[in-house]
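Engineer: For the sequence shown, the residue numbers in mature numbering (1 follows the signal peptide of the UniProt record, and there is no 0) are -29 to -1, 1 to 559. Structure incoming, see below.
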Amino acid sequence: MSKRAMGHSKTGTLLAMVGAATISLGALAGCEAPDWENPDYVAKMLKEGESAEKSIALENLRKFPEERYSEVAPALVEIYMSGERDAKEAMSYLVQWRVPEAVDAYIKEMETDAAGYAGAAAEALGILDHRAAVPKMVAALQATDNNERKQGILRGMARMSDPQMVGPMVELLKLDADNFPIALHAYACEILGNIGQENPGAINEEARDMVVLGMFLSNNTNQNTNRECGLAAQQIGPTMVPHLVKTFNGEHQAVNQLLMKYNQGPDYAFPPNQAKLVSAIRLGSMRAPEAVELFMADLQSEKSAPEELSGRQSVSWRLKEGNATDEMILALGDLGNPEARELLEEIVSDEYTNDEWDEITDGLIELQLRQDAATALARLGDRAALPTLMEMAKNGVIIDLEKRFAMLAQNGQPGKEEERYQFNWMVAQAYAMLADADQRETYQGLIDETDEGGLKEKYTSFLPAFDVAAECGGAGDAAAQAACYGKKIEDENAVVRAKAAYELSRLPVEVASPVVAEAISTQNLETRELLTFAGYRVATPALAEAVGELLEEEKGRSNDDARRDRNRLKLLHAYALRSSQGGAQAAE
């Protein structure tokens, strides 16, 4: 045979062998050509294919339709549980899909971290609300020394509210914030708050005390858990009040020791009255009735630094005392107890700021305290305070600031009228927010008597508050008034929007709450802040639902204003959820 003939013969034999192999593979595949774009084919290969075909099927799951995840999840679980070579990739899909068919695989991964997805597996269990796994989650949390893994497990636990978690969370809050990630403490408070919202009786004395301590935890990079633990206190509710009162009075020994440890030079940023400041903010946000008497007594006392403090320590104490004083003034307005009116009027009128409070005030601090007292009177809602506000709008003076502006004028550099008379126009604004339409004539008299052009213009800018009060106040019954004010929330004039929010806070809950629930979705965050205040006055479970939906819708917003807004909404949400449970919880 020639070489050419032999070559043809070998080629023919090779082609025959390739053809036979192709026929053989076709037979093994049931004469079905590979179709990796077809979800049906991918599912079939994942469940029935050989090892190589399963691997290819796994690669093609990226485009698998979500509605069919449960169909192939058991096959992925089998690959993972049997420890096959593709176990890690199988788990990577399962932790993304978070399907109930995979709970056993999630538990195993959480316990072993075999595929490197322990935290994601725990989070999947939490999203699925698989509470049967809670004991194993607690055990896994306590068994690992890996802090990243701990945080992953805590993310899962934060999705559920189970009393079994209380003890382990208390232990986390006892950890040193400098030697352990402070995120552990933040998650601990978040979880305790979630449990307390659902089942306040599950939060024992020690847990409540540790939540308070958590408000003061800080590490050497200035991270802290004040916001998370403060929200937890709001969620747990009235049973937190005695612990906060103890802290306000300087009687929480663990807090005192912590502040002593933190209060180091050169800044001395954590003086003992930091405890008063933080607890005052929390008692105010909880709208704790016990805070009224507590705050009034403190505000009527002399403000002077302890004799043993000197230098920078004394300065830090005075700054904190000024901050705490301001928070208490504003809180008395938020709390809405009419007993606070006379004291707030005295503060606006300068009976305290130049005598008992001399050590903590200068011109600017006095301005802040007195104008915030005016704001508090507007929020209090007692129109008996109107004459005092009008008198201060006409004749009120911050003596130290007036001296400064007089000196500037003598030197040929007169200050801006809007700045020189800020106290007057801020008090006038509070008057407009508190008054009804009948006080328009009195207010117009203030404008007519004012000679300074800039101040007159500022006073005039608040007139629309009286117009909207006349329009909506005369709209009919309370329901009609609420509807009218609700429409004004999107008005182009900021004064109209603010007045509408204030008036909604003064109408009956049953008519105002639905309007606030709808209006609070406004995208103007200044107006939303006032609506949040109104929300506390007209809180209902239905309002809580609306706020919860808003929080969900706006998860992606992350600038500073949005973060502050989100925190306010979370606090309102927690308060409103408890609105129908107040009596029952107070008795616990």
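Idealized CB from N, CA, C, for every residue including glycine. Keep in mind it's a predicted model, so treat the numbers as computed, not measured.
Determine the direct distance from the alpha carbon of Ile491 to that of Thr413, and round the result to whole angstroms.
Structural biologist: Distance between the alpha carbons of Thr413 and Ile491: 32 Å.
Engineer: Using a beta-carbon distance below 8 Å, is Lys247 in contact with chain C?
Structural biologist: Absent from the structure is chain C; it holds one protein chain and no more.
Engineer: Sorted by chain position, which residues of the same chain lie with C-beta nearer than 6 Å to Glu316's C-beta, five sequence neighbours on each side aside?
Structural biologist: The residues are Ala356, Thr359.
Engineer: What residue range does the alpha helix (DSSP H) around Asn227 cover?
Structural biologist: Residues 224 to 233.
Engineer: Could you check what DSSP says for Lys(-27) in three-state terms: helix, strand or coil?
Structural biologist: Low local confidence applies: a pLDDT of 43 at Lys(-27) is under 50, so the model's placement there is unreliable, with the coordinate-based value given in what follows. In this structure, Lys(-27) counts as helix in the three-state DSSP scheme.
Engineer: Within 10 angstroms of the Cβ of Ser256, are there 16 or more other Cβ atoms? Answer buried if so, exposed if not.
Structural biologist: Answer is buried; the Cβ neighbour count reaches 16.
Engineer: Going by DSSP, name the residue or residues bridged to Ser189.
Structural biologist: Beta-bridge pairing links Ser189 to Asn195.
Engineer: Taking the C-alpha atoms as reference points, what is the distance between Glu177 and Glu313?
Structural biologist: Cα to Cα, the separation comes out at about 39 Å.
Engineer: Suppose only complete runs of 4+ residues qualify. What are the alpha helix (DSSP H) ranges in the stretch 46 to 86, listed by chain order?
Structural biologist: Qualifying alpha helix (DSSP H) stretches, in chain order: 58 to 68, 74 to 83.
Engineer: Cutting at 6 Å between CB atoms, please list the residues of its own chain near Gly457, excluding the five before and the five after it.
Structural biologist: Taken in chain order, the residues that qualify are Val486, Ala490.
Engineer: Go ahead and pull the three-state DSSP assignment for Gln494.
Structural biologist: DSSP places Gln494 in coil when its eight states are reduced to three.
Engineer: Can you give the Cα-Cα distance for Glu322 and Ala401, rounded to whole angstroms?
Structural biologist: When rounded, the distance between both Cα atoms is 19 Å.
Engineer: For Asp133, count the other beta carbons within 10 Å of its own beta carbon; 16 or more makes it buried, fewer makes it exposed. Which is it?
Structural biologist: Buried, because 16 or more other Cβ atoms sit within 10 Å of the Cβ of Asp133.
Engineer: Which whole-angstrom value is the C-beta distance of Phe151 and Asn118, which I expect to be below 8 Å?
Structural biologist: Rounded, the Cβ-Cβ distance is 7 Å, consistent with contact.
Engineer: Would you check if the distance between the CB atom of Asp371 and the CB atom of Asp326 is smaller than 8 Å?
Structural biologist: No.
Engineer: Comparing alpha-carbon positions, which option in Gly519, Leu338, Arg539 lies nearest Arg499?
Structural biologist: Checked all of Gly519, Leu338, Arg539; the closest Cα to Arg499 is Arg539.
Engineer: Counting pairs of beta carbons, one from the stretch 388 to 402 and one from the stretch 427 to 443, are three or more of them closer than 8 Å?
Structural biologist: With a cut-off of 8 Å, the stretch 427 to 443 and the stretch 388 to 402 count as touching, because enough Cβ pairs lie within range.
Engineer: Starting from Trp288, follow the alpha helix (DSSP H) in both directions and report where the run begins and ends.
Structural biologist: Residues 282 to 306.
Engineer: What residue range does the alpha helix (DSSP H) around Ile252 cover?
Structural biologist: Taken as a continuous stretch (DSSP letters only), the alpha helix (DSSP H) holding Ile252 covers 245 to 256.
Engineer: Taking the alpha helix (DSSP H) that Leu99 belongs to, which residues open and close that run?
Structural biologist: Careful: Leu99 lies outside any alpha helix (DSSP H) and carries neither H nor E.
Engineer: Can you tell me which of Cys200, Lys15, Gly87 puts its alpha carbon nearest to the alpha carbon of His156?
Structural biologist: Of Cys200, Lys15, Gly87, the residue nearest in Cα terms is Cys200.
Engineer: Output needed for Met181: all residues of its chain with C-beta closer than 6 Å, excluding positions within five of it in sequence on either side, in chain order.
Structural biologist: Here the set comprises Val141, Leu144.
Engineer: Could you say if the stretch 13 to 22 and the stretch 30 to 39 meet the contact criterion of at least three C-beta pairs nearer than 8 Å?
Structural biologist: Yes, the stretch 13 to 22 is in contact with the stretch 30 to 39.
Engineer: Mark Gly(-11) as exposed unless 16 or more other C-beta atoms lie within 10 angstroms of its C-beta, in which case mark it buried.
Structural biologist: With a pLDDT of 44 at Gly(-11), under the threshold of 50, the modelled position of that residue is not reliable, and no figure is offered here.
Engineer: Does the Cβ-Cβ distance between Arg289 and Glu330 come in under 8 Å?
Structural biologist: In contact: Arg289 and Glu330 (Cβ atoms closer than 8 Å).
Engineer: Let me check understanding here. Comparing Cα to Cα, which of Ala349, Arg350, Thr296, Arg354 lies closest to Trp328?
Structural biologist: Looking at the Cα atoms, Thr296 is the closest of the given residues.
Engineer: Counting only the same chain and skipping the five closest in sequence on each side, list residues whose C-beta sits under 8 Å from that of Pro309.
Structural biologist: Within the same chain, Pro309 has close Cβ partners Leu351, Asp353.
Engineer: Relative to the alpha-carbon of Leu306, which residue among Ser320, Ala251, Phe437 has its alpha-carbon at the smallest distance?
Structural biologist: Of Ser320, Ala251, Phe437, the residue nearest in Cα terms is Ala251.
Engineer: Just the Cα atoms here: how many angstroms apart are Val183 and Phe437?
Structural biologist: Approximately 44 Å between the Cα atoms of the pair.
Engineer: For Arg120, which residues in the same chain have their Cβ closer than 7 Å to its Cβ, ignoring the five residues on either side in sequence?
Structural biologist: Result list for Arg120: Asp84, Ala89, Gly90, in chain order.
Engineer: May I have a chain-ordered list of the alpha helix (DSSP H) segments no shorter than 4 residues that lie completely inside the stretch 436 to 498?
Structural biologist: As far as the stretch 436 to 498 is concerned, its whole alpha helix (DSSP H) runs of at least 4 residues are 449 to 458, 465 to 475, 480 to 490.
Engineer: Consult DSSP for Gly1 and reduce its assignment to one of helix, strand or coil.
Structural biologist: Model confidence at Gly1 stands at a pLDDT of 47, short of 50, so the residue's coordinates are unreliable and nothing is read from them.
Engineer: Am I right that Leu215 and Phe266 are in contact with their C-beta atoms under 8 Å? What's the rounded C-beta distance?
Structural biologist: At roughly 12 Å, the Cβ-Cβ gap does not stay under 8 Å, so Leu215 and Phe266 are not in contact.
Engineer: Between which two residues does the alpha helix (DSSP H) harbouring Leu314 extend?
Structural biologist: 312 to 319 is the extent of the alpha helix (DSSP H) around Leu314.
Engineer: In angstroms with no decimal places, state the Cα-to-Cα distance between Gly113 and Gly97.
Structural biologist: Rather than Gly, the amino acid found at residue 113 in this sequence is Gln. Between Gln113 and Gly97, the C-alpha separation is close to 17 Å.
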